[in-house]
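Each step along the sequence shown adds one to the number in full-length UniProt numbering, with nothing skipped, and position 141 is 141. Presented below is the structure to which this report refers.
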Amino acid sequence: MSAQGAFHRLLSFFAHRSPHPNTSTITFMDSLRGDLSIGLNFPVAVFLATIRHLVFRNTGFWSLTIYVPTVRTSRKLLGGPSACRALDESKRYGCAELISLAKREGIVAQLDAVGLWMLAAEKDGKVKGEEVRLFQKGEIMERIAERRRGMDNVLPFWRGGPLIASAHSWAVKKAFGVEVYDGHKRA
């Protein structure tokens, strides 16, 4: 693990979405590609990318570029790796259970729990305990992106996924070069 903080590692996931990856700079398109690669539908991906760049931009007022090393935050994801002491990495957790685990860490950690659950929960609505730890370390995004490459784990629409996975897959591949929900039958 690098000396980089967990939140910065989470942001770095988006820096790697560029056709010319740069580990420290995130453009708006990198953010959009990153959000699409974790299975989000286009409107949700645009919304989150826009919010991310309005909140974290640090390269000028009119710039939507984020320089990751200079993002100032002491934020710990889900309270940090030392939090959620009752977490069992071999267990699977639903949304309410994650919120309960994060309760001692405050409202921000509880919101992290909901966000993690919305992105990482599988078809059964559960998140693996080991993935909760990966989130706390800022190392979960690649795993989620890998999971969303196939059609066997489509993010439900009510959690930000596409209405029609095959059409979404085709459109984001053509428009943005993002491979997500691939495996549908091509005519």
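Don't be surprised by glycine CBs; every beta carbon is placed ideally from N, CA and C. Please read all numbers here as calculations on a predicted model, not as lab measurements.
- Query: Among Val114, Arg133, Leu36, which one has its Cα closest to the Cα of Gly125?
  - Reply: As a working note, residue 125 is residue 125 in the sequence shown. Answer by Cα proximity: Val114.
- DSSP three-state assignment for Val108, whether helix, strand or coil: For the purposes of this step, residue 108 is taken as residue 108 along the sequence shown, with counting starting at 1. Helix at Val108.
- Tell me whether Ile26 sits in a helix, a strand or coil according to DSSP, three-state version. Counting from one through the sequence shown, the residue named residue 26 turns up at place 26. Residue state, collapsed to three classes: strand.
- Task: Could you tell me which residues DSSP pairs with Ile66 in its beta bridges?
- Result: As a working mapping, residue 66 is identified with position 66 in the sequence shown. In the DSSP output, where bridge partners are listed per residue, Ile66 has Ile26.
- Query: By the 10 Å Cβ neighbour count, where 16 or more other Cβ atoms means buried, how is Phe135 classified, buried or exposed?
  - Reply: Reading the sequence shown from its first residue, position 135 is the one you call residue 135. By the 10 Å Cβ count, Phe135 comes out buried.
- Stretch-stretch touch, CB-based, cutoff 8 Å, three pairs: the region 37 to 48 with the region 147 to 158: yes
- Query: Using the beta-carbon count (16 or more within 10 Å), is Leu10 buried or exposed?
  - Reply: Counting from one through the sequence shown, the residue named residue 10 turns up at place 10. Buried, since its Cβ has 16 or more Cβ neighbours within 10 Å.
- Message: Can you give me the C-alpha to C-alpha distance between Arg186 and Ala120, rounded to a whole angstrom?
- Response: Within the sequence shown, numbered from 1, the residue matching residue 186 stands at position 186. Within the sequence shown, numbered from 1, the residue matching residue 120 stands at position 120. Confidence at Arg186 is low in this model, with a pLDDT of 43, below 50, so its placement is unreliable and no value can be given for it.
- Please state whether DSSP places Ile92 in a helix, a strand or coil. On the sequence shown, residue 92 is found 92 positions in, with the first residue counted as 1. The amino acid occupying residue 92 in the given sequence is Arg; Ile does not appear at that position. Here Arg92 sits in strand by DSSP.
- Task: State the DSSP-derived secondary structure class of Gly115, mapped to helix, strand or coil.
- Result: Within the sequence shown, numbered from 1, the residue matching residue 115 stands at position 115. Residue state, collapsed to three classes: helix.
- Helix, strand or coil: how does DSSP classify Met1 here? By 1-based counting over the sequence shown, the position of residue 1 is 1. In this predicted model, Met1 has a pLDDT of only 42, less than 50, meaning its place in the structure is not dependable enough to derive any value.
- State the beta-bridge partners of Val127 as determined by DSSP. Here residue 127 corresponds to residue number 127 of the sequence shown, with the count starting at 1. Partner(s): Tyr93.
- Message: Let's test the definition: count the other Cβ atoms within 10 Å of the Cβ of Ile26 and tell me whether it reaches 16, buried, or not, exposed.
- Response: Sequence index remark: in the sequence shown, residue 26 carries index 26 (1-based). Ile26 comes out buried.
- Message: Taking the alpha carbon of Ile107 as the reference point, which residue from Leu77, Gly129, Leu36 has its own alpha carbon closest?
- Response: Looking up residue 107 in the sequence shown gives position 107. Considering only alpha carbons, the answer is Leu77.
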